[in-house]
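Line by line, the protein sequences are chains A and B.
Under my numbering, think of the first position of the first sequence as 99, with each following residue one higher.
Under my numbering, think of the first position of the second sequence as 3, with each following residue one higher.
A short write-up of the structure that comes next.
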Amino acid sequence: MQLETRVYQKENNLKIGKLLKASARDFFGSHFLAKQLATRDITSQYRQSYLGILWAFIAPISSAFVWIFLSATGTVNLSDTGVPYPVFVFSGTLIWSIIIESINSPTSNTNAARGIMTKINFPKEALILSGIYKILFNSSIKIILLVILIFAFGVGFHFSLLLFPFAIIAAIVFGTTIGLFLTPISLIYTDIARIIGMGLSLLMYITPVVYTIPKEGLMKTVMELNPFTSLILTARDLALGNTPEYLSYFCGIFIASVSVFFIGLLFYRISIPIIVERLSA
Amino acid sequence: MKEDEVLVKVEGLSKKFCKDLKTSLWYGVKDLVSNIKGNKNERLLRDKEFWAVKDVNFELRRGECLGLIGHNGAGKSTLLKILNGLINPDAGKITINGRVGALIELGAGFNPILSGRENIYNNGAVLGFTRKEIDAKVEEIIDFSEIREFIDMPVQNYSSGMKVRLGFAVAAQMEPDVLIIDEVLAVGDVSFRAKCYDRISELMKSCCIILVTHSMPQVSKICTTSILMHKGQIKAHGNNGNVIEAYYDDNYIEDKPTLIHSEDCVLEYFRTKEKVFNGQIKNLEVDISILSEIETDDIDISIFLMSRELIPVCQTSSKFFNKKIALHKGVNSVKFIIDELYLNTGIYKFSITIEGINTNKIYLWMQNLNSIQVFNQFTLVSPIIIKGKFIC
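The following block contains the structure:
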């Protein structure tokens with residue numbers, strides 16, 4: 099049997115193509131490890147509580163409820179959304195939370211695995227993949243809730259609802275790709291992680307998550323340029339059976355995300371030794 | 003499987019570290035950027051940096067075991083991290099053939115809330131096993147760990163020893179070509195430790211091992227060759243005996259008597275006529291003078307020879323030889339004659355205790371007294387050499 103040979107030296111004199119291949123191989127090859135890590139985190143999270151998995155439903159409902167309450171009492175006055183407001187808000191916050199979770203997931207998973215990373219050599223791509231698995235799990239619960247709401251409020255079934263999962267996947271790939279590029283620097287400086295957290299919460303206000311795009315003005319321009327807008331609106335339109343307005347922008351972002359995703363993975367891969375060195379020294 | 007193929011080859015390996023956190027982080031960001039470009043320039047020390055590992059070379063073949071020794075901060079762990087592929091070198095090259103297994107941390111990936119059985123899967127997955135492999139080995143792992151009774155209990159309720167057992171049991175299933183071990187074996191109870199050694203010796207037949215340790219007996223017992231590291235560089239390399247001697251020279255403890263306990267008694271002096279011996283020690287007189295404040299009969303004087311790690315090697319005792327000794331007020335002189343003693347090459351230190359046999363009271367306990375040095379033609383593994391004859 100031919101033994102596998104590894105060479106460790108300072109230069110990354112491997113060809114980009116070879117590196118990409120190795121990175122992709124580790125990403126798809128680490129399915130078992132990723133699944134194991136995701137199952138570990140999910141089960142341990144719910145085992146210590148009586149309500150258990152119910153918590154996965156409680157959190158999104160309560161956050162949507164705040165906006166429903168604000169709108170129903172007239173505290174905030176929002177323009178007509180065309181669909182029952184609870185469904186509108188819930189679908190918006192759902193996709194928004196998935197994108198945010200995806201952006202934070204590479205950083206938080208890598209950070210949580212610091213202890214192992216500085217001691218054991220395993221494919222770090224598994225951390226990214228396990229993050230995606232965890233998001234898929236959380237999202238599927240929220241999607242079930244959304245579907246229930248869609249029928250409860252009489253929006254009814256549209257065939258485009260079947261395409262909704264693709265919109266979710268686009269949101270996850272988009273978010274994870276951004277996360278991959280942010281991870282190395284935000285692991286080194288905690289400032290970066292704070293700035294990102296703050297920036298994202300501000301970003302929500304220039305994205306049509308809980309309200310529609312205004313008919314005119316500066317906000318309309320900003321929102322239309324905002325790539326998050328197309329993700330949220332397309333997903334919502336698919337779920338509620340409207341014609342997606344920003345479909346081409348959405349497709350562009352999706353295709354770009356998928357290809358940039360692998361570059362991000364490569365960047366992550368070559369950055370890990372430097373992070374391990376700086377964190378464990 | 004070829005018998006003497008080179009599995010690990012390390013050439014001119016160097017790695018630098020930074021002493022200051024803020025600077026280190028900033029260098030990290032710079033390295034992130036330069037790493038993308040490939041960074042092929044020679045790397046020199048930047049401000050506040052030092053070489054943690056400098057110009058290390060060695061080769062390791064199948065069946066060999068290399069002991070890495072050196073005092074804290076000598077660069078041993080850094081070297082292991084580079085060998086394990088966790089961090090990249092700043093200069094030089096490592097070529098490793100075959101699967102690498104690391105016993106650096108046991109129980110990586112354990113979650114405290116989950117049961118032992120679930121954590122076998124977590125730990126196994128991190129170590130690179132497939133689901134099938136773990137399914138096939140799970141019973142064997144539980145048996146090896148000897149904690150079947152508690153295997154479905156959350157790991158947070160395990161004792162630290164049980165966690166180590168489970169962690170080692172999983173890691174012991176690895177079949178590496180190159181095994182890296184970092185002192186993890188220094189935990190757990192005696193019987194389990196023995197089991198670990200057995201497993202390692204078994205693995206050693208088919209792989210090569212790099213072992214980091216502070217225990218010199220362990221080095222002489224398992225390793226085929228060893229390396230002494232000092233400030234990142236190799237200070238001695240080769241035969242265990244020589245390297246261990248160099249290690250002790252490096253870690254020399256001065257003859258500075260330490261008083262551990264004293265009550266009504268003070269040691270005035272403790273002398274031996276000779277200090278250096280070639281071969282066996284014969285008729286060595288030990289003169290002791292004790293200043294006592296009390297009058298007591300029936301005491302026991304014990305004299306020990308300790309290794310440089312302050313582990314007792316051999317001892318004598320007056321009560322053992324039924325010699326009644328009494329202490330009088332004032333100066334008491336006692337002489338002990340070592341008839342014959344055969345010790346391994348090395349430095350040994352005296353220590354003494356004086357106890358009341360009936361009173362059960364410790365009057366004096368002193369360590370790190372005079373040292374003696376023994377030279378033999380060969381350096382053996384254990385401290386005491388049995389005197390006898392081989393007849394064939």
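Even glycine gets a Cβ: it sits at the ideal position worked out from N, Cα and C.
Cβ-Cβ separation, residue j to residue i (assumed contact under 8 Å), whole Å
i	j	result
Ser320/B	Ile303/B	5 Å
Gly87/B	Tyr366/A	About 16 Å separates the two Cβ atoms, so there is no contact after all.
Phe352/B	Asn334/B	Contact flag wrong, Cβ pair sits at about 18 Å.
Ile224/B	Cys67/B	5 Å
Glu287/B	Ile339/B	5 Å
Inter-residue Cα distance where the pair is residue i and residue j
i	j	result
Cys394/B	Glu265/B	55 Å
Asn121/B	Val157/B	8 Å
Phe352/A	Tyr287/A	30 Å
Tyr303/A	Leu192/A	15 Å
Ser195/A	Thr275/A	16 Å
Asn378/B	Gly190/B	36 Å
Ser128/A	Val185/A	38 Å
Ala379/A	Thr318/B	Bear in mind that a pLDDT of 43 at Ala379/A, under 50, signals an unreliable position, so the number given afterwards is only what the model happens to contain. Answer to the nearest angstrom: the Cα atoms are 47 Å apart.
Thr188/A	Gly109/B	Residue 188/A is actually Phe in this sequence, not Thr. Looking at the two C-alpha atoms, the distance is approximately 42 Å.
Trp53/B	Gly240/B	23 Å
Met296/A	Ser237/A	23 Å
Pro182/A	Leu331/A	16 Å
Thr141/A	Thr132/B	20 Å
Ile290/A	His256/A	42 Å
Val2/B	Asp184/B	This structure cannot settle anything about residue 2/B, because the visible part of chain B is limited to 3 through 394.
Gly100/B	Arg63/B	12 Å
Gly407/B	Val383/B	Beyond the ends of chain B as shown, which are 3 and 394, falls residue 407/B; an answer cannot be given.
Cys349/A	Lys113/A	30 Å
Val315/B	Ser309/B	6 Å
Ile211/B	Met368/B	40 Å
Ala132/A	Tyr249/B	44 Å
Lys375/A	Leu105/B	Note on identity: in this sequence residue 375/A is Glu, with Lys being the wrong assignment. Using only the alpha carbons, I get a separation of about 19 Å.
Phe251/A	Ala265/A	22 Å
Ile246/A	Leu329/A	22 Å
Arg167/B	Ser217/B	21 Å
Residue i, enclosing beta strand (DSSP E) - first and last residue
i	result
His263/B	Thr260 to Ser264
Gly69/B	Cys67 to Ile71
Thr381/B	Unbroken run through Thr381/B: none, as it is neither H nor E.
Asp154/B	Counting along the chain, Asp154/B falls outside any beta strand (DSSP E), and DSSP gives it neither H nor E.
Ile327/B	Ile327 to Leu329
Ile339/B	Gly332 to Leu343
Asn285/B	Ile283 to Ser294
Leu307/B	Thr298 to Met308
Glu270/B	Cys267 to Thr274
Thr103/A	Thr103 to Gln107
Phe279/B	Val278 to Asn280
Ile182/B	Val180 to Asp184
Tyr365/B	Ile364 to Gln369
Range of the contiguous alpha helix (DSSP H) that encloses residue i
i	result
Ala162/A	Trp153 to Ala170
Tyr344/A	Careful: Tyr344/A lies outside any alpha helix (DSSP H) and carries neither H nor E.
Glu142/B	Arg133 to Ser147
Gly14/B	From DSSP, Gly14/B is part of no alpha helix (DSSP H) but of the beta strand (DSSP E) over Val8 to Cys20.
Phe264/A	Phe262 to Ile286
Pro204/A	Tyr183 to Ala210
Val172/B	Ser162 to Ala173
Phe322/B	Careful: Phe322/B lies outside any alpha helix (DSSP H) and carries neither H nor E.
Thr347/B	No alpha helix (DSSP H) holds Thr347/B; DSSP gives it neither H nor E.
Asp33/B	Leu23 to Lys39
Gln134/A	His129 to Arg145
Tyr231/A	Glu223 to Ala250
Asn175/A	Note, Asn175/A: premise wrong, no alpha helix (DSSP H); not H, not E.
Beta carbon of residue i nearer than 8 Å to that of residue j
i	j	result
Ser16/B	Pro114/B	no
Leu176/A	Tyr309/A	yes
Ser117/B	Ile89/B	no
Gly1/B	Leu230/B	Because chain B is modelled from 3 through 394, residue 1/B falls outside the range shown and cannot be assessed.
Ile283/B	Leu345/B	yes
Leu9/B	Asp179/B	yes
Ser228/A	Ala136/A	yes
Ser200/A	Ile233/A	yes
Residues that residue i contacts on chain E, provided the C-beta gap is smaller than 9 Å
i	result
Pro91/B	Here the protein chains are A and B, and chain E is not one of them.
Every unbroken alpha helix (DSSP H) inside the stretch 63 to 108 of chain B [4 residues or more]: 78 to 85, all fully within the stretch 63 to 108 of chain B.
Every unbroken alpha helix (DSSP H) within the stretch 195 to 244 of chain B, with a cutoff of 4 residues, ordered by chain: For the stretch 195 to 244 of chain B, whole alpha helix (DSSP H) runs of length 4 or above, ordered along the chain, are 218 to 224.
Inside the stretch 296 to 374 of chain A only - alpha helix (DSSP H) runs reaching at least 4 residues: The alpha helix (DSSP H) runs of length 4 or more contained entirely in the stretch 296 to 374 of chain A are, from start to end of the chain, 316 to 323 and 325 to 338.
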